Amino acid sequence: MAATPPSFSPSRTTCASLLRELQIIWDEIGESDNDRDNMLLQLEQECLDIYHRRVEETRKHKADMYQWLADAEAQATNIVSSLGESTVLPRGKGSLKQQIATIKPVLEDLRSKKDERIKEFLKIKSQISQICDEIAGCGQYTSVTDSDVNQSDLTSKKLGELKSHLQELQNEKILRQHKVKSHISTISELTEVMSIDFRKTLNEIHPSLDDSLKDTLQSISNDTLARLTGVIHSLKREKQQRLQKMQELAKLLVELWDLMETPTEEKKEFSHVTRLISASADEVSTRGCLSSEVIEQVEGEVQRLNVVKASKIKDLVFKRQNELENIYRGVHMHVDSESARQILTSLIESGNVDLSDLLQNMDGQIKQAKEQALSRRDILDRTEKWKFAAEEEKWLDEYERDENRYTAVRGAHKNLKRAEKARILVSRIPSIVENLTTKVKAWEMEKGIPFLYEKIPLLHSLDEYIVQRQLREEEKRKYREQKRLQEQATVEQETLFGSRSATKKPLSQSNNANTITGTPTGRRLLTPSGRHGTSGGKERRESGRVNTIIPVNYVALPKDDSVSRGN
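Here you go:
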């Protein structure tokens, strides 16, 4: 029985021990020497093959390590170049593993920097893309990936350029946001004035413009800005059209009010409308003042007043005619009232004339009449002064013919004062008439028509007055001469035959009358009544001599400062 081969521990097993163990097994099997030699050759070949494979693997590993080092250096160089840094790669020393251990942390650090730089580029590019999409008005944002980043140029300069571009876009975005807000504010003001639905208007431009939608970015695209600008122009044009229409209606209201003399209380209801007559579009900002409802309300009021005007137009026409006649009468111009009223009645009843045009025509006549009245005013004032002076002259003539004007009766002193003022005024009549004649001739020269006063040319009246005044002066002169002769004859008779009859007025009574009228008692009065008084012969002779010098109508009165100042 064969002995059991000794067992070997795997940790202590060697090639020699395995060969001995193989020999023992072969012995037990009974292998031949040739077979044993072949098997040994085969084992040897297999061992060589294993060594060859291991050597090849080790050689390949070495080549891979060289390749890794080369790739690592190339990658590090590329990263340093793309980052634009000046990092110096460490030179390889020692074994391959030592060289790898040296360069590997540097490469990892460069890769980390590259990744961080790429993230920065991606972040900035994403923001740029988002803003560009907002400006372009894209509904969805375009996503940015690593492929969108040029990894060969990750320098700080390129990053700075992107940041600058991003800042420009952000400024552009802010500017557009301000424009959008400004446009929205303008639209709000315009729609408020015209009572137009503000939210509906914004939604028609872009839904994102409605402030009620939270967490929604307002559109700042070119299209949105263009549509906002277009809507603003449209609203401004609409506002201008409504304002013009409102101003036309307001003017019609004022004209109708003036025509029908509408009370102020009724006008107050539409005061907010009449205030717009002279307002510009930029000045109109009151809420709802140009709304369709207000315009319709004003149109309704104008229509109502037109209906009322049609029923009252006849009264208004004749009222204008009365005003026209009063103007002409006020300046002493002739107007055929009856004929004018018949013509107006015929025109109104015929229906062939627009009553509004007729009123406008009459307003034009009234304006022309006022201008004529104004041009005649100065002459009329001078004419009234002349008329008054002529009346005073007439009164003075009658007063001086009164033999009893100095008697002590009620009001005698007032007549004396009036007579003194009248004499001063009468003395100015020639200059008054001359100035008035000059004024009238100048007026007629300018206007080319005669100046009529109560249907008579004023120059004819002045000429007639001058002639009549000359005749009156001649009569007065003859009367005074005749009176003087009569008084002279009377004095002579008194001298020859003694004093007058007792029926004549005594001198004391005449002096008393003079005292009442305010004449100083110490002054001799050389008047007809004074001369008829009883006196000595010497005084009568002196009186007779003085009469040849002093006018018959002379009256000595005390100076009245108030009268002098008044004249």
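Per the UniProt record's numbering, the very first residue in the sequence shown carries number 1; after that it's consecutive. Quick reminder that beta carbons are idealized off the backbone N, C-alpha and C, glycines included. Only a predicted model underlies this, so the values are computations on that prediction, with no experimental measurement involved.
Distance between beta carbons of residue j and residue i, contact taken as under 8 Å
i: residue 260; j: residue 321; result: The pair is not a contact, with the Cβ atoms about 16 Å apart (cut-off 8 Å).
i: residue 327; j: residue 369; result: 4 Å
i: residue 305; j: residue 256; result: 4 Å
i: residue 462; j: residue 436; result: 7 Å
i: residue 131; j: residue 169; result: 4 Å
i: residue 103; j: residue 73; result: 7 Å
i: residue 331; j: residue 380; result: 6 Å
i: residue 277; j: residue 251; result: 6 Å
i: residue 159; j: residue 120; result: 6 Å
C-beta atoms of residue i and residue j nearer than 8 Å
i: residue 246; j: residue 290; result: yes
i: residue 235; j: residue 187; result: yes
i: residue 65; j: residue 96; result: yes
i: residue 418; j: residue 389; result: no
i: residue 113; j: residue 83; result: yes
i: residue 386; j: residue 456; result: no
i: residue 348; j: residue 317; result: yes
i: residue 220; j: residue 284; result: no
i: residue 578; j: residue 412; result: The question about residue 578 has no answer here: the residues shown for the chain are numbered 1 through 567.
i: residue 137; j: residue 222; result: yes
i: residue 231; j: residue 253; result: no
i: residue 323; j: residue 295; result: no
i: residue 125; j: residue 144; result: yes
i: residue 225; j: residue 218; result: no
i: residue 128; j: residue 149; result: no
i: residue 270; j: residue 308; result: no
i: residue 76; j: residue 110; result: yes
i: residue 453; j: residue 383; result: yes
i: residue 93; j: residue 134; result: no
Residue i burial status per 10 Å Cβ neighbour count (16 or more: buried)
i: residue 239; result: buried
i: residue 403; result: exposed
i: residue 445; result: exposed
i: residue 376; result: buried
i: residue 183; result: buried
i: residue 19; result: exposed
i: residue 425; result: buried
i: residue 522; result: Its pLDDT being 33, under 50, residue 522 is placed unreliably by the model, and nothing is read from it.
i: residue 14; result: exposed
i: residue 473; result: exposed
i: residue 50; result: exposed
i: residue 533; result: Residue placement at residue 533 is poorly supported in this model, since its pLDDT is 37, which falls under 50; the coordinates are not used for a value here.
i: residue 396; result: buried
i: residue 400; result: buried
i: residue 497; result: exposed
i: residue 79; result: buried
i: residue 48; result: exposed
i: residue 471; result: exposed
i: residue 374; result: exposed
i: residue 8; result: Per-residue confidence for residue 8 stands at a pLDDT of 44, beneath the threshold of 50, marking its modelled position as unreliable; the derived number appears in the next sentence. Residue 8 is exposed by the Cβ-count criterion.
i: residue 546; result: A caution first: residue 546 carries a pLDDT of 36, below 50, which makes its placement in the model unreliable, though a value can still be read off. Exposed.
i: residue 16; result: exposed
Residue-level contact to chain B via CB, residue i, 8 Å cutoff
i: residue 298; result: The structure shown contains no chain B; it holds only a single protein chain.
Heavy atom of the ligand COA within 7 Å of residue i beta-carbon
i: residue 321; result: Among the ligands in the structure shown, none appear at all, so the ligand COA cannot be discussed.
Fill in: Every unbroken alpha helix (DSSP H) within the stretch 9-96, with a cutoff of 4 residues, ordered by chain
15-29 and 33-83
Worksheet item: Residue ranges of each alpha helix (DSSP H) run of no fewer than 4 residues wholly in the stretch 417-492, ordered along the chain?
Response: 429-447
Worksheet item: What alpha helix (DSSP H) runs, 4 residues minimum, are completely inside the stretch 233-285?
Response: 264-268 and 271-274
Practice prompt. Take every Cβ of the stretch 189-196, pair it with every Cβ of the stretch 151-160, and state whether three or more of those distances are shorter than 8 Å.
Written response: no
Discussion item. Does the stretch 58-76 come into contact with the stretch 98-105, if we say contact requires no fewer than three beta-carbon pairs (one atom in each stretch) closer than 8 Å?
Written reply: yes
Discussion item. List, from N- to C-terminal side, the alpha helix (DSSP H) runs of 4 residues or more that fit wholly inside the stretch 289-330.
Written reply: 292-330
Worksheet item: Fully enclosed by the stretch 173-225, which alpha helix (DSSP H) runs are 4 residues long or longer?
Response: 198-205
Fill in: Minimum length 3: unbroken beta strand (DSSP E) runs contained in the stretch 99-137
none
Worksheet item: What are the uninterrupted segments assigned as alpha helix (DSSP H) that are 4 or more residues long and contained completely in the stretch 336-374, given in chain order?
Response: 337-350
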